[in-house]
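Counting from 1 along the sequence shown, just add 46 to a position and that's the residue number in my numbering.
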Amino acid sequence: MARKVEFFGLSTCGWCQKTKNWLDERGVAYDLTYVDRCSDNERTAAQDRMKKFAERAAFPLLIIDDGAVVIQGFHPEQFEEALKK
Numbered sequence: 047m048a049r050k051v052e053f054f055g056l057s058t059c060g061w062c063q064k065t066k067n068w069l070d071e072r073g074v075a076y077d078l079t080y081v082d083r084c085s086d087n088e089r090t091a092a093q094d095r096m097k098k099f100a101e102r103a104a105f106p107l108l109i110i111d112d113g114a115v116v117i118q119g120f121h122p123e124q125f126e127e128a129l130k131k
């Protein structure tokens, strides 16, 4: 079963690019939001969504299956574990 993956990042973030590359190399589908490229309203909505699952804003942020798994930072071993379920 495919996992629902929400990916919040910054367009200038090297760790976000590494995460994107990791997901792309494995064919993982995801919805990517570059928070720094959002309009004011979109940015507020993205920040509200992030705050629902993470105590602090840190990028990259992956929210898997509506918060069943939340991963902040570039942690390939955690990505692998979360996405194999």
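For glycine and all other residues, C-beta sits at the position ideal for the given N, C-alpha and C.
Remember, predicted model here, so these are calculated numbers, not experimental data.
Roughly how many angstroms separate the alpha carbons of V81 and G55, rounded to a whole number?
6 Å
Touching or not, the region 56-63 and the region 84-103, by the rule of three or more beta carbon pairs under 8 Å?
no
What number of angstroms, rounded off, separates the C-alpha of K50 from the C-alpha of R89?
21 Å
What is the DSSP secondary structure of F99, reduced to helix, strand or coil?
helix
What is the DSSP secondary structure of T65, reduced to helix, strand or coil?
The answer is helix: DSSP assigns T65 an H, G or I state.
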